[in-house]
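Notes follow once the structure below has been shown.
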Amino acid sequence: MKRETICSLFLLFALLSPLDATTIRRLNFDDLISKSRLIVIGHVIDSRTFWTDDHKLIMTAYTVQVQENLKGNTPQAIVITTIGGQVGNTVLHVAGMPVFGNGESAVLFLEQSGAYTTVMGLNQGNFPISNGEVSNTVIGLSFPDGFATKPVKTSLDEFKHQIQLRLGR
1 MKRETICSLF LLFALLSPLD ATTIRRLNFD DLISKSRLIV IGHVIDSRTF
51 WTDDHKLIMT AYTVQVQENL KGNTPQAIVI TTIGGQVGNT VLHVAGMPVF
101 GNGESAVLFL EQSGAYTTVM GLNQGNFPIS NGEVSNTVIG LSFPDGFATK
151 PVKTSLDEFK HQIQLRLGR
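So that you can map any letter, position 144 of the sequence shown is 144 in this note's numbering, and since no number is skipped, the others follow by simple counting.
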């Protein structure tokens, strides 16, 4: 077989193989705060899944009603876009990419990626709120150092306080 054919077959196999984790640079709490353009507390009020203009990726745009700005200023509602979703019978899943349900509340660390506002560090920048507590999940993510991430679970008030301390407020 020609080398190009072998490379093409390898690439095809790699693309068709299911991925259990996305390897990404680990961000600590200070990194999330300093590198985020915006930090908001909000809840998802709508979502829309669509193909990109070049029809290569499926994206999901979540409309988030902002309850509080912790860093930066946003309108009352912002759109956060992630890669993945379902259009018709076609599903694109990216391990470690945040997926939100309508009504879900979270503290979100956000960055600008081209024309889109996205969650910083995939699920690393998503801290769902439940019963007055925030937690994180990095399921679907792996890190080059191979170490597991310690789960965060704390009160929303304490979490906000820690962010404000680091921002010098």
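Backbone N, C-alpha and C fix where the C-beta goes; we use that ideal spot for every residue, glycine too.
For residue i, does the three-state DSSP call read helix, strand or coil?
i	result
Asp53	coil
Gly42	strand
Glu104	coil
Arg48	strand
Going by CA-CA distance only, name the one from the options that's closest to residue i.
i	options	result
Ser113	Asn102, Thr82, Gly146, Ile41	Thr82
Gln86	Leu27, Leu70, Ala148, Phe50	Phe50
Thr117	Gln124, Thr63, Val138	Thr63
Pro98	Leu108, Phe29, Asp54	Leu108
Ala115	Glu158, Ala61, Asn73	Ala61
Met59	Gly88, Gly140, Lys150, Arg48	Arg48
Phe147	Phe159, Val138, Val119	Val138
Gln162	Arg25, Thr52, Leu70, Gln65	Leu70
Gly84	Gln67, Val134, Gln76, Leu122	Leu122
Phe159	Arg25, Ile33, Ile80, Leu27	Ile33
Val94	Gly140, Lys150, Ile41, Asn126	Gly140
Gly103	Asn28, His43, Asp145, Ile39	His43
The alpha helix (DSSP H) spanning residue i covers which residue range?
i	result
Glu133	Element bounds for Glu133: not the alpha helix (DSSP H) but the beta strand (DSSP E), 133-135.
Lys35	29-35
How would you call residue i, buried or exposed, if buried means at least 16 neighbouring beta carbons within 10 angstroms?
i	result
Gly96	buried
Ser36	buried
Ser105	buried
Met1	In this prediction, Met1 has a pLDDT of 43, which is less than 50 and means its spatial position is unreliable; what the coordinates show is noted afterwards. Under this definition Met1 is an exposed residue.
Ile45	exposed
Give a yes or no on whether the minimum CB-CB distance between residue i and chain D is below 7 Å.
i	result
Leu167	This model lacks chain D altogether, as it is built from one protein chain only.
For residue i, report the span of its beta strand (DSSP E) as first-last.
i	result
Leu122	Neither: Leu122 is in no beta strand (DSSP E) and is coded neither H nor E.
Is residue i near residue j, with beta carbons less than 7 Å apart?
i	j	result
Val134	Gly125	no
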